[in-house]
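Peer 1: 607 is the number of the first residue of the sequence shown in the numbering used here; add one for each residue after it.
What follows is a single structure, and I will ask about it in a moment.
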Amino acid sequence: MLLVLGAVLLVAEAHLPSFGALGVAGVAALVTGAAIAVDAAGGGLALILAVTVMIGLGAGALLLYAVRASLPLARARARTGAEALVGHIGVVRRPLTPVGQIQVDGALWRARPCWEEEGLTLRVGEHVVVERVNGLTLSVRRAEEWELES
Numbered sequence: 607m608l609l610v611l612g613a614v615l616l617v618a619e620a621h622l623p624s625f626g627a628l629g630v631a632g633v634a635a636l637v638t639g640a641a642i643a644v645d646a647a648g649g650g651l652a653l654i655l656a657v658t659v660m661i662g663l664g665a666g667a668l669l670l671y672a673v674r675a676s677l678p679l680a681r682a683r684a685r686t687g688a689e690a691l692v693g694h695i696g697v698v699r700r701p702l703t704p705v706g707q708i709q710v711d712g713a714l715w716r717a718r719p720c721w722e723e724e725g726l727t728l729r730v731g732e733h734v735v736v737e738r739v740n741g742l743t744l745s746v747r748r749a750e751e752w753e754l755e756s
């Protein structure tokens, strides 16, 4: 049962974002199951140690490879949806007093100034940067010169 449980946990690690927790439990179950199986078959201590070390190193190496390959994917920024708009440059289409409209990537969005820009009026045609997304309303601030150059 421990061998099957270990294999199931390793497969689950490959498909779920557990960052190695399921994999470590799977390796431990595999090693323990192998030790019990070799002991039940009449193997001596040296054979038990040799089998468990080989299984532990092999499964651990595969787990390390899988976790290292999946870490960059977990850190990647959103590329679609509203969260991907953070950091994009837009143009004011209706004054933001307090809620107006901006155009970002060809789409019109409701927008309000960030708390930093509360006292300032953002006029039509000014460039803004999206700071946050709250539902269908964007929080924006005035774009700096260096942001417009890129």
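Beta carbons: idealized from backbone N, C-alpha and C, even for Gly.
Note that the coordinates shown come from a computational prediction; the quantities given were computed from them, not determined experimentally.
Just the C-alpha distance for Leu655 and His621, rounded to the nearest angstrom, thanks.
Peer 2: Distance between the alpha carbons of Leu655 and His621: 30 angstroms.
Peer 1: Which value, in whole angstroms, describes the spacing of the CA atoms of Gly758 and Leu663?
Peer 2: As shown, the chain starts at 607 and ends at 756. That puts residue 758 outside it, with no answer to give.
Peer 1: If I follow the unbroken beta strand (DSSP E) through Glu737, where does it start and stop?
Peer 2: It spans 733-740 - the beta strand (DSSP E) in which Glu737 sits, taken as one unbroken run.
Peer 1: In angstroms, rounded to a whole number, what distance separates the CA positions of Leu728 and Pro678?
Peer 2: Straight-line Cα distance between these residues: approximately 38 angstroms.
Peer 1: Going by alpha carbons, who is nearest to Glu753 out of Leu615, Val617, Glu732, Ala618?
Peer 2: With distances taken between Cα atoms, Glu753 lies closest to Glu732.
Peer 1: Reducing DSSP to helix, strand and coil, say where Ala713 ends up.
Peer 2: The answer is strand: DSSP assigns Ala713 an E or B state.
Peer 1: Provide the residue span of the alpha helix (DSSP H) that contains Val614, from first to last.
Peer 2: Note, Val614: alpha helix (DSSP H), 608-621.
Peer 1: Once you ignore the five residues that flank Ser745 on each side, which residues in its own chain have a CB closer than 7 angstroms to its CB?
Peer 2: Excluding positions up to five away in sequence, the list reads Arg718, Cys720, Glu737, Arg738.
Peer 1: Val697: which of Thr703, Leu691, Gln707 sits nearest, CA to CA?
Peer 2: Val697 has its Cα closest to that of Gln707, out of Thr703, Leu691, Gln707.
Peer 1: Run through the DSSP bridge pairs and tell me what Gly706 is partnered with.
Peer 2: Paired residue(s): Ala717.
Peer 1: Using CA coordinates, which residue listed in Met607, Ser676, Leu726, Ala646 is at the minimum distance from Val705?
Peer 2: Of Met607, Ser676, Leu726, Ala646, the residue nearest in Cα terms is Leu726.
Peer 1: How would you call Glu751, buried or exposed, if buried means at least 16 neighbouring beta carbons within 10 angstroms?
Peer 2: Glu751 comes out exposed.
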